[in-house]
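So in the UniProt record's numbering, spot 121 of the sequence shown is number 121, and the numbers just go up one at a time.
First comes the structure, then the notes that go with it.
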Amino acid sequence: MARILVAEDDPSVRAFVVSALTMKGYDVVAEEDGGLAAETADAEDGQFDLLLSDIKMPVMDGIALALHVGARYPDLTILLMTGFADQRERAHGLDALIYDVIPKPFSLADLLAKVDDALHGRPVEVVSLGRQTLQ
């Protein structure tokens, strides 16, 4: 099964993500900030299938982590998550480097589906603003 490196500074979100991914059968290593995640990626020589990282974190944010990991391990798929719209916009400049950004809050089903899509290289579904309906 796939190995996933998780970087998330919020303990409750980190526990939720790790629990969900572990129950799905993934081998998960979790760190509480981008700096520790970068050290782990380097110590393991990038031997992960997916980096799942929050964007807004202390020490090293998810954007810096994605740049660090992407430069050293170009075959590692990177999936970011954030609850802040401005942070999501920062990630869109990295389209060639990251797979996608998951908006927080997300459901268990949404998380597992996006991770599965990222690991299998499925195209990201782009929702046109013109086709969205107000509820």
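Idealized CB from N, CA, C, for every residue including glycine.
Every value quoted in this text rests on a predicted model; they were computed, and no experiment measured them.
Please identify the residue among Asp54, Thr77 and Ala118 whose C-alpha is closest to the C-alpha of proline 103. That would be Asp54, whose Cα lies nearest to the Cα of proline 103.
Give the list of continuous beta strand (DSSP E) stretches no shorter than 3 residues that lie fully inside the segment 30-106. Runs of the beta strand (DSSP E) inside the segment 30-106: 50-54, 77-82 and 100-103.
Just grab the DSSP bridge partners of arginine 3 for me. Per DSSP, the beta-bridge partners of arginine 3 are Asp27.
For isoleucine 78, the nearest candidate out of Asp49, Asp61, Val59 and Met60 (CA to CA): Looking at the Cα atoms, Asp49 is the closest of the given residues.
For glutamate 31 versus aspartate 9, is the C-beta distance shorter than 7 Å? Taking 7 Å as the Cβ cut-off, glutamate 31 and aspartate 9 do not qualify as a contacting pair.
Report the three-state DSSP secondary structure of arginine 14 (helix, strand or coil). Arginine 14: helix per DSSP, three-state reduction.
Counting only the same chain and skipping the five closest in sequence on each side, list residues whose C-beta sits under 7 Å from that of aspartate 45. For aspartate 45, there are no CB contacts under 7 Å within the same chain when 5 residues up- and downstream are skipped.
Reference glycine 62, options Ala113, Val29, Leu80 and Leu108, closest by Cα: Comparing Cα-Cα distances from glycine 62 to each of Ala113, Val29, Leu80 and Leu108, the minimum goes to Leu80.
Mind checking glycine 25: buried by the 16 CB within 10 Å criterion, or exposed? Result: exposed.
Drop a sphere of 10 angstroms on the beta-carbon of tyrosine 43, count the other beta-carbons inside from all chains shown, and report buried for 16 or more, exposed for fewer. According to the sequence displayed, residue 43 carries alanine and not tyrosine. Residue environment for alanine 43: exposed (fewer than 16 other C-beta atoms within 10 angstroms of its C-beta).
Can you round the beta-carbon distance between tyrosine 99 and alanine 118 to whole angstroms, since I take them to be within the 8 Å contact cut? Going by Cβ atoms, the distance from tyrosine 99 to alanine 118 rounds to 4 Å, so yes, they are a contact pair.
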